[in-house]
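Colleague: Under my numbering, the first residue of the sequence shown carries the number 38, and numbering increases by one thereafter.
Ideal placement from N, C-alpha and C gives every residue a C-beta, glycine not left out.
Below are the C-alpha coordinates for one structure; questions will follow.
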Amino acid sequence: MRLHHDMTVPASTDDVWRALGEIDAIAPCLPGASVERIDEDTVYGSMTVKVGPITVAYKGRAVIDERDDADHRMVVHASGREQRGVGTAQATLVVAVHDQPSGGSEVDVDTDLTVTGRPAQFGRGVMADIGDRVIAEFADRLSRQLAESAATAGRATEAAEAAADRAANAAAATDGATAAGGGPAAAAETAPTPQAGRDEPLDLGPILLPVVRRAALLAALALALALVERRLRNRLRTRRR
(Lines of atoms letter the chains of each structure in order from A; the text may use other names.)
(Lines give C-alpha, C1' and ligand atoms only; values in the text may rest on other atoms or scores of the structure.)
Protein backbone atom coordinates (compact mmCIF):
# COMPACT_ATOMS: atom_id res chain seq x y z
CA MET A 38 0.00 0.00 0.00
CA ARG A 39 1.12 3.55 -0.71
CA LEU A 40 0.96 6.18 2.02
CA HIS A 41 1.85 9.88 2.20
CA HIS A 42 2.65 11.84 5.34
CA ASP A 43 4.18 15.23 6.02
CA MET A 44 5.40 17.12 9.05
CA THR A 45 6.42 20.66 9.87
CA VAL A 46 9.57 21.39 11.85
CA PRO A 47 10.37 24.93 13.11
CA ALA A 48 13.98 24.88 11.91
CA SER A 49 15.88 25.65 8.73
CA THR A 50 16.01 23.13 5.90
CA ASP A 51 19.76 22.68 6.33
CA ASP A 52 19.42 21.99 10.06
CA VAL A 53 16.59 19.49 9.54
CA TRP A 54 18.44 17.73 6.73
CA ARG A 55 21.62 17.55 8.80
CA ALA A 56 19.67 16.09 11.74
CA LEU A 57 18.02 13.46 9.55
CA GLY A 58 21.47 12.30 8.49
CA GLU A 59 22.59 11.72 12.09
CA ILE A 60 20.73 8.44 12.59
CA ASP A 61 22.11 7.64 16.03
CA ALA A 62 21.11 11.10 17.29
CA ILE A 63 17.54 11.14 15.96
CA ALA A 64 16.72 7.48 16.64
CA PRO A 65 15.25 8.38 20.06
CA CYS A 66 12.80 10.66 18.22
CA LEU A 67 11.11 7.69 16.51
CA PRO A 68 8.55 6.10 18.87
CA GLY A 69 9.35 2.48 19.72
CA ALA A 70 12.61 2.43 17.74
CA SER A 71 16.02 1.29 18.93
CA VAL A 72 19.31 1.39 16.98
CA GLU A 73 21.76 -1.46 17.54
CA ARG A 74 24.53 -0.46 15.15
CA ILE A 75 25.26 1.62 12.05
CA ASP A 76 27.40 0.32 9.19
CA GLU A 77 27.97 3.16 6.70
CA ASP A 78 24.53 3.63 5.05
CA THR A 79 22.90 0.64 6.77
CA VAL A 80 21.15 0.90 10.14
CA TYR A 81 20.38 -2.22 12.19
CA GLY A 82 17.78 -2.06 14.91
CA SER A 83 14.31 -2.91 16.12
CA MET A 84 10.89 -1.35 16.50
CA THR A 85 8.15 -2.33 18.91
CA VAL A 86 4.46 -1.63 18.36
CA LYS A 87 1.78 -2.23 20.98
CA VAL A 88 -1.84 -2.86 19.98
CA GLY A 89 -3.86 -3.18 23.17
CA PRO A 90 -2.59 -6.33 24.93
CA ILE A 91 -0.64 -7.43 21.84
CA THR A 92 2.97 -6.31 21.36
CA VAL A 93 4.68 -6.82 18.01
CA ALA A 94 8.46 -6.42 17.89
CA TYR A 95 10.24 -6.16 14.55
CA LYS A 96 13.97 -6.65 14.06
CA GLY A 97 15.62 -5.64 10.82
CA ARG A 98 17.56 -2.99 8.98
CA ALA A 99 17.20 0.20 6.97
CA VAL A 100 19.44 1.05 4.02
CA ILE A 101 19.85 4.53 2.54
CA ASP A 102 19.77 3.72 -1.18
CA GLU A 103 19.95 7.32 -2.42
CA ARG A 104 20.97 10.60 -0.82
CA ASP A 105 20.97 13.99 -2.54
CA ASP A 106 22.33 16.69 -0.23
CA ALA A 107 21.69 19.44 -2.78
CA ASP A 108 17.98 18.67 -3.19
CA HIS A 109 17.55 17.44 0.40
CA ARG A 110 16.10 14.13 -0.72
CA MET A 111 16.80 10.52 0.25
CA VAL A 112 15.42 7.06 -0.51
CA VAL A 113 15.40 4.49 2.30
CA HIS A 114 14.53 0.81 2.11
CA ALA A 115 13.56 -0.81 5.42
CA SER A 116 12.76 -4.44 6.14
CA GLY A 117 12.03 -6.36 9.30
CA ARG A 118 10.66 -9.60 10.71
CA GLU A 119 8.65 -10.27 13.84
CA GLN A 120 10.87 -11.51 16.66
CA ARG A 121 8.08 -13.76 17.93
CA GLY A 122 6.05 -14.61 14.87
CA VAL A 123 6.13 -15.09 11.13
CA GLY A 124 5.05 -11.59 10.14
CA THR A 125 7.23 -9.32 8.02
CA ALA A 126 7.30 -5.65 7.06
CA GLN A 127 8.99 -3.99 4.11
CA ALA A 128 8.89 -0.33 3.17
CA THR A 129 10.49 2.02 0.68
CA LEU A 130 10.47 5.61 1.90
CA VAL A 131 11.17 8.73 -0.15
CA VAL A 132 11.98 11.61 2.21
CA ALA A 133 12.25 15.21 1.00
CA VAL A 134 12.79 18.42 2.98
CA HIS A 135 11.47 21.76 1.68
CA ASP A 136 11.50 25.37 2.88
CA GLN A 137 8.18 26.80 4.01
CA PRO A 138 7.24 30.36 2.97
CA SER A 139 6.09 31.10 6.52
CA GLY A 140 9.35 29.81 7.99
CA GLY A 141 10.55 26.43 9.12
CA SER A 142 10.69 23.29 7.02
CA GLU A 143 8.29 20.71 5.68
CA VAL A 144 9.28 17.06 5.49
CA ASP A 145 7.37 14.90 3.00
CA VAL A 146 7.44 11.12 3.42
CA ASP A 147 6.07 8.84 0.67
CA THR A 148 5.93 5.18 1.70
CA ASP A 149 5.36 1.98 -0.24
CA LEU A 150 4.51 -0.51 2.54
CA THR A 151 4.01 -4.28 2.54
CA VAL A 152 2.99 -6.03 5.78
CA THR A 153 2.27 -9.68 6.56
CA GLY A 154 1.21 -11.37 9.78
CA ARG A 155 -1.06 -10.00 12.49
CA PRO A 156 -0.88 -6.29 11.50
CA ALA A 157 -1.98 -7.19 7.96
CA GLN A 158 -5.59 -7.51 9.16
CA PHE A 159 -5.83 -3.72 9.42
CA GLY A 160 -6.62 -1.83 6.23
CA ARG A 161 -5.06 1.16 4.55
CA GLY A 162 -7.10 3.65 6.58
CA VAL A 163 -5.81 2.32 9.89
CA MET A 164 -2.24 2.16 8.56
CA ALA A 165 -2.52 5.79 7.43
CA ASP A 166 -3.73 6.82 10.91
CA ILE A 167 -0.85 4.92 12.49
CA GLY A 168 1.60 6.68 10.17
CA ASP A 169 0.09 10.08 11.03
CA ARG A 170 0.60 9.42 14.72
CA VAL A 171 4.18 8.20 14.29
CA ILE A 172 5.10 11.17 12.08
CA ALA A 173 3.47 13.68 14.44
CA GLU A 174 5.32 12.27 17.46
CA PHE A 175 8.59 12.15 15.51
CA ALA A 176 8.18 15.78 14.40
CA ASP A 177 7.46 16.91 17.96
CA ARG A 178 10.51 15.13 19.38
CA LEU A 179 12.77 16.31 16.55
CA SER A 180 11.60 19.92 17.02
CA ARG A 181 12.40 19.77 20.73
CA GLN A 182 15.79 18.21 20.05
CA LEU A 183 16.73 20.89 17.50
CA ALA A 184 15.53 23.65 19.84
CA GLU A 185 17.58 22.25 22.72
CA SER A 186 20.64 21.95 20.48
CA ALA A 187 20.28 25.58 19.38
CA ALA A 188 19.86 26.72 22.99
CA THR A 189 22.91 24.71 24.05
CA ALA A 190 25.00 26.26 21.28
CA GLY A 191 23.79 29.72 22.29
CA ARG A 192 24.72 29.21 25.93
CA ALA A 193 28.13 27.85 24.96
CA THR A 194 28.79 30.93 22.81
CA GLU A 195 27.73 33.29 25.61
CA ALA A 196 29.94 31.45 28.10
CA ALA A 197 32.93 31.62 25.74
CA GLU A 198 32.41 35.36 25.15
CA ALA A 199 32.11 36.00 28.89
CA ALA A 200 35.31 34.06 29.56
CA ALA A 201 37.12 36.01 26.85
CA ASP A 202 35.94 39.31 28.36
CA ARG A 203 37.16 38.28 31.81
CA ALA A 204 40.54 37.24 30.42
CA ALA A 205 40.90 40.54 28.56
CA ASN A 206 40.01 42.56 31.65
CA ALA A 207 42.46 40.60 33.78
CA ALA A 208 45.28 41.06 31.27
CA ALA A 209 44.60 44.78 30.93
CA ALA A 210 44.66 45.37 34.66
CA THR A 211 48.12 46.60 35.73
CA ASP A 212 47.48 47.28 39.36
CA GLY A 213 45.70 45.05 41.87
CA ALA A 214 45.01 42.31 39.29
CA THR A 215 45.21 39.57 41.87
CA ALA A 216 42.78 41.26 44.23
CA ALA A 217 40.35 42.19 41.49
CA GLY A 218 40.36 39.06 39.36
CA GLY A 219 42.26 36.42 41.31
CA GLY A 220 39.14 34.50 42.33
CA PRO A 221 38.05 31.57 40.33
CA ALA A 222 36.07 32.46 37.26
CA ALA A 223 32.42 31.70 37.39
CA ALA A 224 31.79 28.30 35.92
CA ALA A 225 29.95 28.30 32.65
CA GLU A 226 26.38 27.11 32.92
CA THR A 227 26.13 23.47 32.03
CA ALA A 228 23.76 22.93 29.16
CA PRO A 229 21.14 20.25 29.73
CA THR A 230 21.64 17.14 27.69
CA PRO A 231 18.71 16.40 25.33
CA GLN A 232 16.64 13.67 26.90
CA ALA A 233 17.04 10.41 25.07
CA GLY A 234 13.84 8.96 23.73
CA ARG A 235 12.55 6.03 25.69
CA ASP A 236 12.59 2.69 23.95
CA GLU A 237 8.93 2.08 24.75
CA PRO A 238 6.46 0.27 22.51
CA LEU A 239 4.36 2.53 20.31
CA ASP A 240 0.86 2.08 21.76
CA LEU A 241 -1.68 2.05 18.93
CA GLY A 242 -4.62 1.20 21.16
CA PRO A 243 -6.26 4.66 20.86
CA ILE A 244 -6.19 4.34 17.05
CA LEU A 245 -7.31 0.74 16.74
CA LEU A 246 -9.91 0.75 19.53
CA PRO A 247 -12.61 2.42 17.37
CA VAL A 248 -11.91 -0.12 14.63
CA VAL A 249 -12.26 -3.00 17.07
CA ARG A 250 -15.47 -1.52 18.45
CA ARG A 251 -16.94 -1.17 14.97
CA ALA A 252 -15.98 -4.75 14.18
CA ALA A 253 -17.62 -5.95 17.40
CA LEU A 254 -20.78 -3.99 16.62
CA LEU A 255 -20.98 -5.46 13.13
CA ALA A 256 -20.49 -8.94 14.53
CA ALA A 257 -23.28 -8.39 17.06
CA LEU A 258 -25.63 -7.13 14.34
CA ALA A 259 -24.83 -10.11 12.14
CA LEU A 260 -25.54 -12.48 15.03
CA ALA A 261 -28.86 -10.75 15.80
CA LEU A 262 -29.94 -10.97 12.15
CA ALA A 263 -29.03 -14.64 12.05
CA LEU A 264 -31.14 -15.34 15.14
CA VAL A 265 -34.12 -13.44 13.71
CA GLU A 266 -33.83 -15.32 10.42
CA ARG A 267 -33.68 -18.62 12.27
CA ARG A 268 -36.81 -17.84 14.29
CA LEU A 269 -38.72 -16.84 11.15
CA ARG A 270 -37.77 -20.08 9.47
CA ASN A 271 -38.93 -22.08 12.49
CA ARG A 272 -42.29 -20.27 12.48
CA LEU A 273 -42.78 -20.96 8.78
CA ARG A 274 -42.02 -24.62 9.30
CA THR A 275 -44.50 -24.79 12.20
CA ARG A 276 -47.28 -23.20 10.13
CA ARG A 277 -46.71 -25.58 7.21
CA ARG A 278 -47.13 -28.55 9.53
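Kindly indicate which three-state DSSP category alanine 165 falls into: helix, strand or coil?
Modeller: Here alanine 165 sits in helix by DSSP.
Colleague: Is it the case that the region 91–103 contacts the region 116–128, given that we only count it when at least three CB pairs across the two stretches are under 8 Å?
Modeller: Counting Cβ pairs under 8 Å, three or more are found: they touch.
Colleague: Cutting at 6 Å between CB atoms, please list the residues of its own chain near alanine 128, excluding the five before and the five after it.
Modeller: Once the five neighbours on either side are set aside, the close Cβ partners of alanine 128 are Ala115, Thr148, Leu150.
Colleague: Looking at the unbroken alpha helix (DSSP H) that takes in threonine 153, where does it start and where does it end?
Modeller: Note, threonine 153: premise wrong, no alpha helix (DSSP H); not H, not E.
Colleague: For glutamate 185, which three-state DSSP category applies?
Modeller: Correct three-state label for glutamate 185: helix.
Colleague: Return helix, strand or coil for leucine 40, following the three-state DSSP convention.
Modeller: Three-state result, leucine 40: strand.
Colleague: Sorted by chain position, which residues of the same chain lie with C-beta nearer than 6 Å to methionine 326's C-beta, five sequence neighbours on each side aside?
Modeller: For the chain, the structure presents residues 38 to 278; residue 326 sits outside this window and is missing.
Colleague: Which residues mark the beginning and the end of the beta strand (DSSP E) in which alanine 117 is found?
Modeller: As written in the sequence, residue 117 is glycine, which differs from the alanine given in the question. Run containing glycine 117: 110–119, per the beta strand (DSSP E) assignment.
Colleague: Near glycine 160, what residues of its chain come up, given a Cβ to Cβ distance below 8 Å and the 5 sequence neighbours on each side ignored?
Modeller: Counting only Cβ-Cβ distances below 8 Å, and skipping sequence neighbours, we find nothing.
Colleague: Within a Cβ cutoff of 7 Å, which residues of the same chain sit near glutamate 103, ignoring the five residues on either side of it in sequence?
Modeller: The answer, listed in chain order, is Met111, Val112.
Colleague: Can you look up glutamate 143 in the DSSP assignment and give me helix, strand or coil?
Modeller: Strand, per DSSP.
Colleague: Look at alanine 94 and arginine 55 and say whether their C-beta atoms are less than 8 Å apart.
Modeller: For alanine 94 and arginine 55, no; Cβs fall outside 8 Å.
Colleague: Just curious, the alpha helix (DSSP H) that aspartate 61 is in, first and last residue?
Modeller: Taken as a continuous stretch (DSSP letters only), the alpha helix (DSSP H) holding aspartate 61 covers 60–63.
Colleague: According to DSSP, what are the bridge partners of glycine 97?
Modeller: For glycine 97, which the question treats as bridged, DSSP gives the partners Gly82, Gly117.
Colleague: When you compare only the Cα positions, how much space is there between glutamate 77 and glycine 140?
Modeller: Rounded to whole angstroms, glutamate 77 to glycine 140 spans 33 Å at the Cα level.
Colleague: Take alanine 48 as the anchor and find which of Asn271, Leu260, Ser180 has the nearest alpha-carbon.
Modeller: The shortest C-alpha separation from alanine 48 is found at Ser180.
Colleague: Would you kindly check if the distance between the Cβ of glycine 168 and the Cβ of histidine 315 is under 8 Å?
Modeller: The question about residue 315 has no answer here: the residues shown for the chain are numbered 38 through 278.
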